[in-house]
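K.L.:
Quick one: this structure, given as structure tokens, is what I'll be asking you about.
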Amino acid sequence: MVGRMAAECAIDGCAVLAIGRCRECGRAFCMSHQAHNEVTGAGYAALCIQCLQRRRRVTGGGDARAEARDVAEREWVTSGQASLDLYAAGVAPVPVVERRSRFVKQRLGRPREEIDELEVGALWVIGRFEWTEMQEIPETRAWTTGLLAHPSGGYPVTMVARAVARCKVTDGLATLIRDAPYGDSWTQLERREIPRIAAAVRSLIAASPAR
Ligand SMILES: [Zn+2]
Ligand SMILES: [Zn+2]
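One point on numbering: in this note's numbering, the residue at position 207 of the sequence shown is 208, and numbering is uninterrupted.
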């Protein structure tokens, strides 16, 4: 049997020692040619930088006027104006609750678990949008998505993805769906959904009876 040589990065003739192999193009990549999550900076285990760029190009395109409108709509969301406009139109957000478990000592027997439900924010459910889980194999699916009334750190946010979150709504209360304790690290909003998100918020405002 022939011994396996350590793979070399095959991106742009780089040839530095590879740290992984891209599932999309099959090429080995080094640390500097590994794709990273633009929100968290975490490296994708099986995606190279060129394939990430290609994904973005596929979802982009269009003429200059449409692009300018998209930029304006994006700013409307990231600045927090969309959220102010929703409030102004009388569209009430759904409370976001977080369930925290704690153990209460008993005089006899084992501690008893109690679940506290804390209100930690509010959001407007804007519909189902596609998010991609970037584990080893990227997987895209539709999730119920909410526009946050108070994103962490407050408005303005740097990108639309920080103004929205995946969520589950039951009995008029929303819980956020995150893939890590303090937010998403492996799941990101599909770029092509950004104009659709702005449009969904616009139609929520337009549908408000108070308007
Ligand atoms: Zn690739
Ligand atoms: Zn390289």
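Think of the CB as a built atom: it goes at the ideal place given N, C-alpha and C, for glycine as much as any other residue. If you're wondering where the values come from, they're calculated on a predicted model, not measured in any experiment.
So, helix, strand or coil for Trp77, using DSSP?
P.N.:
Numbered from its first residue, the sequence shown carries residue 77 at position 76. Helix at Trp77.
K.L.:
Is the closest heavy atom of ligand 4 to the C-beta of Gln136 under 8 Å?
P.N.:
Ligand 4 is not part of the structure shown, which contains ligand 1 and ligand 2 as its ligands.
K.L.:
Quick check: what's the CA-CA separation for Arg56 versus Thr146?
P.N.:
Position 55 of the sequence shown, counted from the first residue, corresponds to residue 56. Position 145 of the sequence shown, counted from the first residue, corresponds to residue 146. Taking the straight line from one Cα to the other gives about 22 Å.
K.L.:
Looking at Trp187 and Asn38, is the spacing between their C-beta atoms short of 9 Å?
P.N.:
Counted from its first residue, the sequence shown places residue 38 at position 37. Counted from its first residue, the sequence shown places residue 187 at position 186. In contact: Asn38 and Trp187 (Cβ atoms closer than 9 Å).
K.L.:
Could you spell out where the alpha helix (DSSP H) holding Arg142 opens and where it closes?
P.N.:
Position 141 of the sequence shown, counted from the start, is the residue given in the question as residue 142. Unbroken run through Arg142 is the beta strand (DSSP E), Pro139 to Leu149; no alpha helix (DSSP H).
K.L.:
Are Thr141 and Glu191 close, meaning C-beta to C-beta below 9 Å?
P.N.:
Here residue 141 corresponds to residue number 140 of the sequence shown, with the count starting at 1. Here residue 191 corresponds to residue number 190 of the sequence shown, with the count starting at 1. Contact: yes.
K.L.:
Regarding Glu25 and ligand 1, is the C-beta to nearest heavy atom distance less than 8 Å?
P.N.:
As a first step, residue 25 is located in the sequence shown; it is residue number 24 there, counting from the start. Yes - ligand 1 has a heavy atom lying nearer than 8 Å to the Cβ of Glu25.
K.L.:
Just list the beta strand (DSSP E) runs in the stretch 77-105, keeping only unbroken ones of 3 residues or longer that don't cross its boundaries, in chain order.
P.N.:
Runs of the beta strand (DSSP E) inside the stretch 77-105: 95-105.
K.L.:
Out of Val170, Gly91, Val158 and Arg197, state which residue places its alpha-carbon closest to the alpha-carbon of Thr79.
P.N.:
Position 78 of the sequence shown, counting from 1, holds the residue named residue 79. Checking every option, the nearest Cα to that of Thr79 belongs to Val158.
K.L.:
In the DSSP assignment, what are the bridge partners of Gln51?
P.N.:
Taking the sequence shown and counting its residues from 1, one reaches residue 51 at position 50. Paired residue(s): none; Gln51 is not in a bridge.
K.L.:
Which residues in the same chain have their Cβ closer than 7 Å to the Cβ of Trp77, if we skip the five residues on either side of it in sequence?
P.N.:
Start at 1 with the first residue of the sequence shown, and residue 77 comes out as number 76. Closer than 7 Å at the Cβ level, and outside the excluded window around Trp77, lie Ala83 and Ala199.
K.L.:
Would Pro96 and Ala65 qualify as a contact pair, given that the criterion is a beta-carbon distance under 9 Å?
P.N.:
To locate residue 96, count along the sequence shown from 1; it is residue 95. To locate residue 65, count along the sequence shown from 1; it is residue 64. No, they are not a contact pair.
K.L.:
Assuming Cys10 and Ala19 are in contact, meaning their beta carbons sit under 8 Å apart, how far apart are those beta carbons, in whole angstroms?
P.N.:
Here residue 10 is taken as the residue at index 9 of the sequence shown, counted from 1. Here residue 19 is taken as the residue at index 18 of the sequence shown, counted from 1. Indeed, because the Cβ distance is near 5 Å, the residues count as touching under 8 Å.
K.L.:
Taking the straight line between their C-alpha atoms, what separation do you get for His139 and Arg70?
P.N.:
One-based indexing of the sequence shown puts residue 139 at position 138. One-based indexing of the sequence shown puts residue 70 at position 69. Sequence inspection shows Pro at residue 139; the His mentioned does not correspond to that position. Approximately 30 Å, taken between the alpha carbons.
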